[in-house]
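Some notes on the structure that comes next.
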Amino acid sequence: RDAARAAKFADDFGMERSYDSYEALAQDPQIDVVYVGTIHTQHHRIASMLLEAGKHVLCEKPLGMNEREVAELTALAQQQGVFFMEGMWTRCFPVARKCQALLQSGELGSPKAVHADFGFVAPDDPS
């Protein structure tokens, strides 16, 4: 949205290039994969554009605002032959995989119910 700010950010963090729009990002043949972490209401529009450009997409949850949007994105990814996945971080989290393996192994017997909580201590934000 702001080419100068994007260029400064890229320079500050040692990145080779920057973009002032998702459209420019989608048009770059050097880009293979894009993570979409925008506000939920923009996921469908941006992910569609990227998939149509042949980019693989990891889209933050939710993939869309309703079933129709998700079905359209999924069909588009299949049509384009590109990878498309919801960015649900727990799916690839080692602890979640360990819990799943432990439950499937039968080592704990046959579970009747599972109750789990997740939390962590975040650092204070003085701002």
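Residue numbers for the sequence shown, in our numbering: 25 to 151. Built from N, CA and C at the ideal position, the CB exists for glycine as well.
Cutoff 8 Å; reference residue i; Cβ partners in own chain excluding five residues on either side
| i | result |
| --- | --- |
| Q104 | L75, E76 and G78 |
| H80 | D56, V57, V58, V106, F107 and F108 |
Residue i versus residue j: straight-line alpha-carbon distance, rounded
| i | j | result |
| --- | --- | --- |
| D26 | G61 | 18 Å |
| A95 | D44 | 29 Å |
| S151 | F144 | 20 Å |
| M39 | A31 | 9 Å |
| L100 | S72 | 7 Å |
| R92 | T98 | 10 Å |
| S42 | C123 | 40 Å |
| D149 | K136 | 41 Å |
| I70 | Y46 | 7 Å |
Extent of the continuous beta strand (DSSP E) run through residue i
| i | result |
| --- | --- |
| C83 | H80 to C83 |
| E110 | F108 to E110 |
Same chain, Cβ closer than 7 Å to residue i, neighbours up to 5 away in sequence not counted
| i | result |
| --- | --- |
| L126 | L132 |
| E110 | C83, K85 and L87 |
| C116 | none |
For residue i, the nearest candidate out of the options (CA to CA)
| i | options | result |
| --- | --- | --- |
| V119 | L100, E47, D141 and Q102 | D141 |
| Q66 | M89, S129 and A50 | M89 |
Boundaries (first-last residue) of the alpha helix (DSSP H) holding residue i
| i | result |
| --- | --- |
| Y59 | Element bounds for Y59: not the alpha helix (DSSP H) but the beta strand (DSSP E), V57 to V60. |
| T15 | Given a span of 25 to 151 for the chain in the structure shown, any question on residue 15 remains unanswerable. |
| H68 | H67 to E76 |
| V119 | P118 to S129 |
| E47 | Y46 to Q51 |
| D149 | Counting along the chain, D149 falls outside any alpha helix (DSSP H), and DSSP gives it neither H nor E. |
| F33 | A27 to D36 |
Contact test: residue i Cβ vs the ligand NAP heavy atom, cutoff 7 Å
| i | result |
| --- | --- |
| C83 | Although the ligand NAP was asked about, the structure shown includes no ligands whatsoever. |
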